[in-house]
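Asker: The structure under discussion is supplied below as structure tokens; questions concerning it will follow.
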Amino acid sequence: MLQTPSGGAGHGTAATDRLMSIGTVLNVLRDEFPEVTISKIRFLEAEGLIEPQRTPSGYRKFSAHDVERLGHVLRMQRDHYLPLKVIREHLEAMERGEAVQLPALGRQRDGESVPEPPEAPTAARIGREELLAAAGVGEEELREWESYGLVTSLEDGVYDAEAVTVASLIAELGRFGIEPRHLRVMKAAADREAGLVDQVVAPLKRHRNPQTRAHAEARTKELAGLTVRLHAALVQMALGVRLP
Numbered sequence: 540m541l542q543t544p545s546g547g548a549g550h551g552t553a554a555t556d557r558l559m560s561i562g563t564v565l566n567v568l569r570d571e572f573p574e575v576t577i578s579k580i581r582f583l584e585a586e587g588l589i590e591p592q593r594t595p596s597g598y599r600k601f602s603a604h605d606v607e608r609l610g611h612v613l614r615m616q617r618d619h620y621l622p623l624k625v626i627r628e629h630l631e632a633m634e635r636g637e638a639v640q641l642p643a644l645g646r647q648r649d650g651e652s653v654p655e656p657p658e659a660p661t662a663a664r665i666g667r668e669e670l671l672a673a674a675g676v677g678e679e680e681l682r683e684w685e686s687y688g689l690v691t692s693l694e695d696g697v698y699d700a701e702a703v704t705v706a707s708l709i710a711e712l713g714r715f716g717i718e719p720r721h722l723r724v725m726k727a728a729a730d731r732e733a734g735l736v737d738q739v740v741a742p743l744k745r746h747r748n749p750q751t752r753a754h755a756e757a758r759t760k761e762l763a764g765l766t767v768r769l770h771a772a773l774v775q776m777a778l779g780v781r782l783p
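Below, the structure written as structure tokens:
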């Protein structure tokens, strides 16, 4: 269960004290979801999965309910590979008080549930126009990023949800004068790290036992989270800074 900061007890300000900034929400979520980013939270808001309050100056303020809902969404993506449309319908049904069950990823054999994820699990997909809108960039910028291999579409011309996170981060770095060509070293490092993880789990992925393949998926996620955290820690150590 996600732990959220408790509200204050001041007169007339308790409701406001219980609201959190997007940075605070990120810190709360990262214990369970180390790869979540501010861009991912904004994307889920744009998709209508959460509706944080806004201050008069436009800053997002999240309630404890918003954080719990975010955790539920991220959990369904991580554990069940559900597309956002299905997650939204599931949440709406829950809010109507309906008894709903998530689609099972396993199969029944002799009365026993055997985990068996599909060969190509369904992930959140968005079109090119949706990606441009979510990242707030133009067609020319996206083409340049694709030319450097920073953003890549899937075979059917759509993008997965992480492409929004990547595109948003590239755009943010651009405001500091960091150009796509400068990011090739980051892409190369990410590819090497992914190759290392894949090398570790490859024997499990090739196994004929479906339970072993399911274990490979879990091990991949665990290793990915560790490599992301190590990479971030090494960058902070090299720069001599500590991020909140």
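Numbering (the working numbering), first residue to last: 540 to 783.
Quick reminder that beta carbons are idealized off the backbone N, C-alpha and C, glycines included.
Does the beta-carbon of GLN775 have 16 or more other beta-carbons within 10 angstroms, so that it is buried, or is it exposed?
Answerer: GLN775 comes out exposed.
Asker: Please state whether the Cβ-Cβ distance between LEU693 and ILE709 is less than 9 Å.
Answerer: Not a contact, by the Cβ cut-off of 9 Å.
Asker: Leaving out five residues on either side along the sequence, give the residues of the same chain with a beta carbon under 8 Å from the beta carbon of THR704.
Answerer: So the list reads THR576, SER578, LYS579 and PHE582, once near-sequence residues are dropped.
Asker: State the DSSP-derived secondary structure class of PHE715, mapped to helix, strand or coil.
Answerer: Correct three-state label for PHE715: coil.
Asker: For ARG745, write down the residues that DSSP places opposite it in a beta bridge.
Answerer: Paired residue(s): none; ARG745 is not in a bridge.
Asker: What are the start and end residues of the alpha helix (DSSP H) that includes ILE626?
Answerer: Looking at the DSSP string, the run of the alpha helix (DSSP H) that includes ILE626 is 623 to 634.
Asker: Distance, Cα to Cα, ALA603 vs LEU609?
Answerer: ALA603 and LEU609: Cα-Cα distance of roughly 10 Å.
Asker: Note down the Cα distance separating GLY713 from GLN750, rounded to an integer number of angstroms.
Answerer: When rounded, the distance between both Cα atoms is 44 Å.
Asker: Using three-state DSSP, classify LEU558 as helix, strand or coil.
Answerer: Three-state result, LEU558: coil.
Asker: Taking only the alpha-carbon atoms, compute the straight-line gap between PRO654 and HIS754 and give it to the nearest angstrom.
Answerer: For PRO654, the pLDDT reaches just 41, beneath the cut-off of 50, and the residue's location in the model is therefore unreliable, leaving the point undetermined.
Asker: Since PHE582 is in the alpha helix (DSSP H), which residue starts that stretch and which ends it?
Answerer: Note, PHE582: alpha helix (DSSP H), 577 to 585.
Asker: Could you check the C-alpha separation between ALA763 and PRO573 for me, to the nearest Å?
Answerer: So the two alpha carbons sit approximately 9 Å from each other.
Asker: Contact check, VAL697 vs ILE665 under 8 Å by CB: the rounded distance?
Answerer: With 8 Å as the limit, VAL697 and ILE665 qualify as a contact, their Cβ atoms being about 6 Å apart.
Asker: Using the Cα positions of THR563 and LEU765, report the straight-line distance between them to the nearest angstrom.
Answerer: Approximately 21 Å, taken between the alpha carbons.
Asker: Out of ALA632, HIS611 and ALA733, point me to the one whose CA is closest to ALA760's CA.
Answerer: Before going further, note that residue 760 is Lys rather than Ala in the sequence given. Comparing Cα-Cα distances from LYS760 to each of ALA632, HIS611 and ALA733, the minimum goes to ALA733.
Asker: Using DSSP bridges, identify the partner residues of ARG599.
Answerer: Answer by DSSP bridge pairing, in chain order: ARG593.
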